[in-house]
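The numbers in the working numbering rise by one with no breaks, and the one at position 8 of the sequence shown is 18. Glycine included, every Cβ here is placed at the ideal spot set by N, Cα and C. Computed from a predicted model, the values in this text were never measured in an experiment. Here's the structure, in structure tokens; my notes come after.
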Amino acid sequence: MEEHEKPKGYFLMGLLIGGVLGALAGIFFAPKSGKELRSDIKEKGSEVLKDVKKIYSDAGSKAKEIIEEARHQAKELKKDADRHLSEARQKAKEIMARGEKKEAEAGESEKGETGEKKA
């Protein structure tokens, strides 16, 4: 799963860096005074900061969703494993009971055979 997430992260990072560089190039090559240029840089910087915060927030939300889903799946797997273990234990008890019953029957038939031979 992690392999599929990396290209998206690289794409978003490239998009962010490209946007910042494009905005800076547009600002620096525009015919403006120093004061206007500084104001534009400050404005674009705050926009980029807002975008970065939004991306960070979205990534955090997505990570929480993934973690919660993983926890849910782990609980379901544990339930299944416990159920299978319980079933296996029950079957083992049944097999042991049948084995003990057959052992008792075999012991009784041996007694019967040895008793007949002696008589």
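Query: Do you know offhand how far L31's Cα is from D92's?; Result: 56 Å
Query: Suppose you measure from the CA of R108 to the CA of E97; what does that come to, to the nearest Å?; Result: 17 Å
Query: Since I believe L26 is in contact with K50 (beta carbons under 8 Å), could you give me their beta-carbon distance rounded to a whole number of angstroms?; Result: The sequence shown places Asp at residue 50, rather than the Lys named in the question. Not quite, the Cβ-Cβ distance comes to about 19 Å (not below 8 Å), so this is no contact.
Query: On a CA-only basis, which of E75, A116, G29 and G24 is nearest G55? Give me that one, please.; Result: G29
Query: According to DSSP, is S96 part of a helix, a strand, or is it coil?; Result: helix
Query: Between E120 and L87, what straight-line distance do the alpha-carbon atoms span, to the nearest angstrom?; Result: 49 Å
Query: According to the Cβ coordinates, are I37 and L22 closer than 8 Å?; Result: no
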